[in-house]
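Counting from 4, one number per residue, gives the positions in the sequence shown under this note's numbering.
Using N, Cα and C, we set each Cβ at its ideal position, and we do this for glycine too.
Here the structure is a predicted model, which means the values were calculated and not measured.
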Amino acid sequence: MKFILALAVMLSAMSARAAELPFKGDPAKAQGIVNQVCAACHAADGNSQIAANPKLAGQIPEYLYKQLENFKAAPGKKAERENPIMAAMVASLSPDDMRNLAAYFASQTPKPGAAKSRDLVVLGQLVYRGGIASEKIAACASCHGPSGAGMPAQYPRLSGQHAEYIVAQLKAFRSGARANDLNGVMRGVAARLSDHEIDAVADYIDGLH
């Protein structure tokens with residue numbers, strides 16, 4: 004329990020420091036890129052209808068900007084978040100383009116999702132709100148908020164996110180395939196979650212609002 008409380012305090016402090024500077028971006032300047040590049044997978048309003056592709060509407064802009072940066076490889080250096088599709092999408096984007104895109108999707112109104120399994124939701128709610136003390140797993144709510152709204156600027160909005168996408172990301176963190184999380188926090192959490200617990204918390208998040 005002491006470990007979980009200490010982790011929650013540390014994450015809140017880091018989040019507060021990251022949120023000190025206001026995010027700047029021009030949503031209007033992103034419209035052309037959204038229509039030509041983003042809409043096919045994420046929808047023009049960021050409410051993706053494809054479960055494998057994340058909803059971006061209402062997401063925290065600093066988080067969106069960080070992900071776009073992380074998908075982009077630097078000369079002689081691999082991308083921090085490896086994904087061949089997204090690597091191609093961001094290859095020609097400038098930092099201003101990425102800021103404008105982040106501001107655009109953050110300004111869109113998110114549409115709610117829905118949980119699919121009553122049995123999974125019960126377990127998912129326990130993990131999300133209370134963590135698993137025996138496994139030293141902090142509650143998801145300690146970073147992402149009770150309603151899944153996220154905590155600017157590093158911890159993303161989860162509310163209504165596709166369960167399939169959440170499952171894929173938690174498993175990627177667990178395997179180490181995704182390693183762009185702040186101080187390895189998500190890798191540490193996901194490493195202690197079973198497949199069943201991942202399915203449960205993902206289903207709960209899908210219906211969270």
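Residue i and residue j look like a contact to me (Cβ under 8 Å); what is the Cβ gap, rounded to whole Å?
i      : j      : result
Val170 : Ile201 : 6 Å
Arg160 : Phe176 : Not really, about 17 Å apart at Cβ, beyond 8 Å.
Pro30  : Ser97  : Incorrect: roughly 16 Å between the Cβ atoms, too far for contact.
Gly151 : Ser137 : Their Cβ separation, rounded to whole angstroms, is 24 Å, which puts Gly151 and Ser137 out of contact at 8 Å.
Less than 8 Å between C-beta atoms, sequence neighbours within five positions excluded: which residues of the same chain meet that for residue i?
i      : result
Asn56  : Cys44, His45, His165, Tyr168
Arg132 : Ala142, Cys143, Ala144, Pro149
What are the boundary residues of the alpha helix (DSSP H) that residue i is part of?
i      : result
Ala166 : 166 to 178
Asn103 : 98 to 110
Gly191 : 188 to 193
Cys44  : 42 to 45
Asp209 : 198 to 209
Pro2   : Any property of residue 2 remains undetermined from this structure, which presents the chain solely from 4 to 212.
Val93  : 87 to 93
Lys32  : 30 to 36
Within the same chain, show all residues whose beta-carbon is closer than 6 Å to that of residue i, passing over the 5 residues directly before and after it, in chain order.
i      : result
Asp209 : Gly116, Ala118, Ala166
Leu196 : none
Ala22  : Because Ala22 carries a pLDDT of 46, less than 50, the predicted location of this residue cannot be relied on, and the following value inherits that uncertainty. Excluding residues within five positions, the ones whose Cβ falls inside 6 Å are Pro155, Ala156.
Phe6   : Summary for Phe6: the model assigns pLDDT 45, below 50, so the residue's position carries little reliability, and this model does not support an answer.
Phe26  : Pro64, Glu65
Ala203 : Leu123, Leu126, Gly127
Going by Cα to Cα distance, which pick from the options is closest to residue i?
i      : options                       : result
Gly179 : Ala194, Leu185, Asn186        : Ala194
Val93  : Val40, Ala47, Pro78, Ala152   : Val40
Asn86  : Ala31, Pro64, Leu71           : Leu71
Glu83  : Ala152, Asn183, Ser95         : Asn183
Glu65  : Arg102, Gln34, Pro98, Ile36   : Arg102
Ile36  : Phe74, Ala76, Ser95           : Ser95
Val188 : Gln52, His147, Gly151         : His147
Lys32  : Gly79, Ala105, Met89          : Ala105
Asp99  : Ala205, Leu211, Lys69, Val130 : Lys69
Ala90  : Pro78, Gly153, Asn73          : Asn73
Sorted by chain position, which residues of the same chain lie with C-beta nearer than 7 Å to residue i's C-beta, five sequence neighbours on each side aside?
i      : result
Phe108 : Gly49, Leu59, Ala60, Gln62, Leu67
Arg181 : Arg84, Gln172, Ala175
Gly28  : Pro64, Arg102, Asn103, Ala105, Ala106
Sort out for me which residues DSSP pairs residue i with in a bridge.
i      : result
Ile140 : Ile135
Met154 : Tyr158
Ala77  : Lys80
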